[in-house]
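S.K.:
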Ligand code: GDP
Ligand code: MG
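In UniProt numbering, the protein residues as written are 9 to 174.
(1) Are the stretch 102-109 and the stretch 118-131 in contact at 8 angstroms, needing three or more beta carbon pairs?
(2) On the three-state DSSP scale, how would you describe residue 54?
(3) Is there at least one non-hydrogen atom of the ligand GDP closer than 7 angstroms to the beta-carbon of residue 152?
(4) Roughly how many angstroms separate the alpha carbons of residue 170 and residue 92, rounded to a whole number?
(5) For the ligand MG, I want to know if residue 24 counts as a neighbour, meaning its beta carbon is within less than 7 angstroms of at least one of the ligand's heavy atoms.
(6) Grouping DSSP H, G and I as helix and E and B as strand, with all else coil, what is residue 60?
(7) Taking residue 112 as the reference, give the member of 30, 80, 152, 25 with the closest Cα.
(8) To which residues of the same chain is residue 22 closer than 8 angstroms at the C-beta, ignoring the five residues directly before and after it?
(9) Would the beta-carbon of residue 51 fall within 8 angstroms of that of residue 87?
(10) Using 8 angstroms for Cβ pairs, my map puts residue 100 next to residue 131. What's the rounded Cβ distance?
(11) Are there 16 or more other CB atoms within 10 angstroms of the CB of residue 139, so buried, or fewer, so exposed?
(12) Any idea if residue 78 is buried or exposed, counting beta-carbon neighbours within 10 angstroms, 16 or more meaning buried?
(13) In its own chain, which residues sit with a C-beta less than 7 angstroms from the C-beta of residue 154, not counting the 5 before and 5 after it?
(14) Based on the DSSP secondary-structure assignment, which residues constitute the bridge partners of residue 92?
(15) Within 10 angstroms of its Cβ, does residue 146 collect 16 or more other Cβ (buried), or is it exposed?
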């Protein structure tokens, strides 16, 4: 199985840290899916059962000027075409305006969205549930996955779950 995944989330939630951890192969796509040429491939993860292709989604943050609207449109189109959207947030911070802006972009998206609660190494498990609820009460996520991109906790489990959606 092979499929496309887009990681979105406001700055500093750990998107690059996650990609650096999981991506072994920088490019060399073996897929015939058309969007490969249109979106920037950030990396490929090959597991026993699957090939996960991570692609960039430019324009997913708050538009500051006119060009921003175009970027947002392009981001929406990208999100429509991938197999899974990983929406990454900080486990140690409550939901904020930057997160809400992105959630608004996800409105009416048919693509399954995973809520990725990153940096669980920084929080006490008892505090995690309140943070998760602050997100799940505003959006119907396909999966909720707490992990640590830094130490790798639960990352393998995420890979298995992603594979189910390809
Ligand atoms: P990006 O802007 O979303 O790409 O975020 P980065 O990957 O650049 O990470 C921002 C900061 O968060 C860096 O200092 C990372 O080391 C840190 N970070 C990322 N993931 C984790 C994590 O799981 N645990 C902890 N404690 N820090 C993390
Ligand atoms: Mg980054």
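Note that the Cβ used here is the ideal one computed from N, Cα and C, for glycine as well.
M.R.: So, from the listed chains and residues:
(1) no
(2) strand
(3) no
(4) Cα-Cα distance, rounded: 7 angstroms.
(5) yes
(6) strand
(7) 80
(8) Excluding residues within five positions, the ones whose Cβ falls inside 8 angstroms are 96, 98, 126, 127, 157, 158.
(9) No, Cβ-Cβ distance for residue 51 and residue 87 is not below 8 angstroms.
(10) 5 angstroms
(11) buried
(12) Answer is exposed; the Cβ neighbour count stays below 16.
(13) Shown here for residue 154: same chain residues with a beta carbon closer than 7 angstroms to its own, the five before and five after excluded, namely 99, 125, 128, 136, 162 in chain order.
(14) 13
(15) exposed
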